[in-house]
Amino acid sequence: MCSHSRDLACVWLTVPEAADFLKVDKSTMYRYIQLGKLEVNRPGGYVIRICLEELNMFGAVKKE
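Take UniProt numbering: the final residue in the sequence shown is number 64, and no numbers are missing along the way.
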């Protein structure tokens, strides 16, 4: 998982931005999150942010 999950230097994306990055639908992103396939940060408890480094690692594994 992303070593920068709490790091402020990490580039954080919203779910729609992450979906665009991976070229999947937003509902697919929410499913990945629900299944624990992606580590996310929830500042304030509600808003979901995903580290770009995490998406890069996930995308590389997904393509294999």
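Every residue, glycine too, gets a C-beta built ideally from N, C-alpha and C.
Rounded C-alpha distance that separates residue i from residue j
{"i": "Y32", "j": "G44", "result": "21 angstroms"}
DSSP three-state assignment for residue i, whether helix, strand or coil
{"i": "I48", "result": "coil"}
{"i": "L38", "result": "coil"}
{"i": "S5", "result": "Bear in mind that a pLDDT of 48 at S5, under 50, signals an unreliable position, so the model cannot answer this."}
{"i": "K62", "result": "helix"}
Given residue i as reference, the closest of the options once Cα atoms are compared
{"i": "V61", "options": "V47, L13, Y46 and L22", "result": "L22"}
{"i": "Y46", "options": "G59, V15 and A9", "result": "V15"}
8 angstroms contact criterion, which residue i and residue j should meet: CB distance rounded
{"i": "L13", "j": "L38", "result": "With 8 angstroms as the limit, L13 and L38 do not qualify as a contact, their Cβ atoms being about 11 angstroms apart."}
Per DSSP, the bridge partner or partners of residue i
{"i": "L13", "result": "I50"}
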